[in-house]
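I have placed the structure first, in the form of structure tokens, so that the comments after it can refer back to it.
Residue numbers (the working numbering), protein chains in the order written: chain A, 1 to 433; chain B, 434 to 536.
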């Protein structure tokens, strides 16, 4: 039985439309105010920017400002021109203070420009094609079953920590050849590496220190794995990295470390938030939920709407390598250009009724995975995990409802939900797949 | 509209000169269907990752086979397929497709 959730006035449930009466002014927009993304209404700010200043010079107190790109076609112009808009000086406002070399610039593929970027990526990209990922389905199904079995008899759980987070962590650990007993550690370290601006994950230390420590711990662990795999290569991604060659040379240990780090981070947070965010959207839109329950064949289309709606990576940063013009504005060499995917995915010029959550939305050419050179390598894996998990949740917990307010991650980079208390009718374990 | 092709003068065999002069024909052979595009699809295999969005849009031109490689079924797409080819170029997540002038 589906129990309707009372629509609360919290910004978390109504973050898709303007606050009644309190019209924001351009001068009030502050995308660096992380609390805006926790308890405020960031979409109000984005809609304002799209309407009044689609390419907006956003000042920053500690450091130079940045250009805020909020419209779809401008986003594509930036993404499609890596020669001008480089990734090598960082891809996030969050880590803007980290020295590029320390962050893995030129080594980690997300921080590398073509042509070297493609060559590194090609070492592992065949493992991520739709066909290669489809082979993982039985394994992902088994993982999802186990995850739900662990909570299904309780009648309540934290949907993020107990369900959504466990899927991508398990899947990427499998692909990297990390044994199951380390999954919890990979989850915690991942939170510290990327979510350290949230007090829950930095335990009183500075975000920078927390992040650095987490990265060091990851590297320490991966270094051991690399050694092992060099001696006894297997079918995992770490082995693939050790065997791969870029421009006739093997990847160095440091290059492998940075890229393994990228995959363990990229493979966890983002998909977790797409699953939680998707489920939350279904709970908050009972009409759409009923449509999906009544027509499971619409799931692939619904998945794209979950991605558009949640946009797990809120922004992506580039640095202008040379002078360019965008929307008639002069972008100087060295200027930071920040594409706000969350806004782009609500661009009225591209998405009719963008603030409507519509599981049948088609076409749905959202940019949640980016576009061009750095298009998310894990897109098909993410879609697989989302489809299998949400399918199983809908089938095994059909009356799942919120048992408390979801808590958002304090970040303008990761559209994260940290906790989502839910309740559901307890059921039997080992349900048939 | 420009018609591209080859125009040949053909004379029929005849015993007499008069006969040869009087019996001739014009044979027109149009170029194979290229439309006005005179363009060729190029795949940048440094970028292509077999996402197969192109195949979704134009399966008669793009095919990702069991070896997980993209095959171009028709390098010189006919004019009638222009819209779909342009859409495939646009939607390719890696922007691996382009059209070039083909002489």
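Ideal Cβ positions, reconstructed from N, Cα and C, are used throughout, including at glycine. Values in this document were obtained by computation on a predicted structure and should not be read as measured data.
Assigned with DSSP and collapsed to three states, residue 86 (chain A) falls in strand. What residue 311 (chain A) touches in chain B, judged by beta-carbon distance under 8 Å, is nothing: the nearest beta carbon there is about 16 Å away. Residue 25 (chain A) and residue 48 (chain A) have their C-alpha atoms some 8 Å from each other. For residue 417 (chain A), the enclosing beta strand (DSSP E) stretches over residues 417-419.
The Cβ neighbour count for residue 199 (chain A), taken over all protein chains shown within 10 Å, is under 16; the residue is labelled exposed. Between residue 521 (chain B) and residue 495 (chain B) the beta-carbon gap is near 6 Å, inside 8 Å, which marks them as a contact.
For residue 372 (chain A), at least one C-beta of chain B is nearer than 7 Å to its own C-beta. The three-state secondary structure of residue 525 (chain B), taken from DSSP, is coil. Around the beta carbon of residue 317 (chain A), a 10 Å sphere encloses 16 or more other beta carbons of the protein chains shown; the residue is thus reported as buried. For residue 324 (chain A), the enclosing beta strand (DSSP E) has its first and last residue at 324-326.
Residue 296 (chain A) and residue 275 (chain A) have their alpha carbons spaced roughly 16 Å apart.
Taking the C-beta atoms as reference points, residue 68 (chain A) is found nearer than 7 Å to residue 338 (chain A). For the 7 Å CB-CB criterion, residue 218 (chain A) and residue 107 (chain A) do not form a contact. Look at residue 285 (chain A) here: in three-state DSSP terms it is coil, with no helix or strand label. Following the DSSP letters along the chain, one finds residue 170 (chain A) inside the alpha helix (DSSP H) bounded by residues 166-176. Rounded to the nearest whole angstrom, the CA to CA distance from residue 36 (chain A) to residue 230 (chain A) is 46 Å.
Between residue 140 (chain A) and residue 388 (chain A), the CB-CB gap stays under 7 Å.
The C-beta of residue 201 (chain A) has 16 or more other C-beta atoms within 10 Å across all chains shown, which makes the residue buried.
When Cβ-Cβ separations below 7 Å define contact, residue 258 (chain A) makes no contact with chain B. The way I'd put it, the segment 155-172 of chain A does touch the segment 380-395 of chain A; three or more beta-carbon pairs between them come closer than 8 Å. For residue 500 (chain B), not one C-beta of chain A is nearer than 7 Å to its own C-beta. When C-beta atoms of the segment 363-378 of chain A are compared with those of the segment 301-308 of chain A, three or more pairs fall below 8 Å, so the two segments count as touching. In the DSSP annotation of this structure, the continuous segment of the beta strand (DSSP E) that includes residue 472 (chain B) starts and ends at 472-476. Residue 113 (chain A) has its alpha-carbon roughly 6 Å from the corresponding atom of residue 87 (chain A).
Within chain A, the residues whose beta carbon sits less than 8 Å from that of residue 524 (chain B) are 365, listed in sequence order. Using a Cβ-Cβ cut-off of 9 Å, residue 489 (chain B) is close to nothing in chain A; its nearest Cβ partner there is about 11 Å away. Identification of residues in the segment 131-148 of chain A having a C-beta nearer than 9 Å to some C-beta of chain B yields 131, 132, given in sequence order. Annotated as proximal: residue 341 (chain A) and residue 311 (chain A), with beta-carbon spacing under 7 Å. Under the Cβ criterion of 7 Å, residue 324 (chain A) is not counted among the residues facing chain B. A direct Cα-to-Cα measurement between residue 409 (chain A) and residue 203 (chain A) gives close to 15 Å. Annotated three-state conformation of residue 295 (chain A) is coil, per DSSP. The beta carbon of residue 234 (chain A) sits closer than 8 Å to the beta carbons of 177 from its chain, once the five residues preceding and following it are set aside; these are given in chain order.
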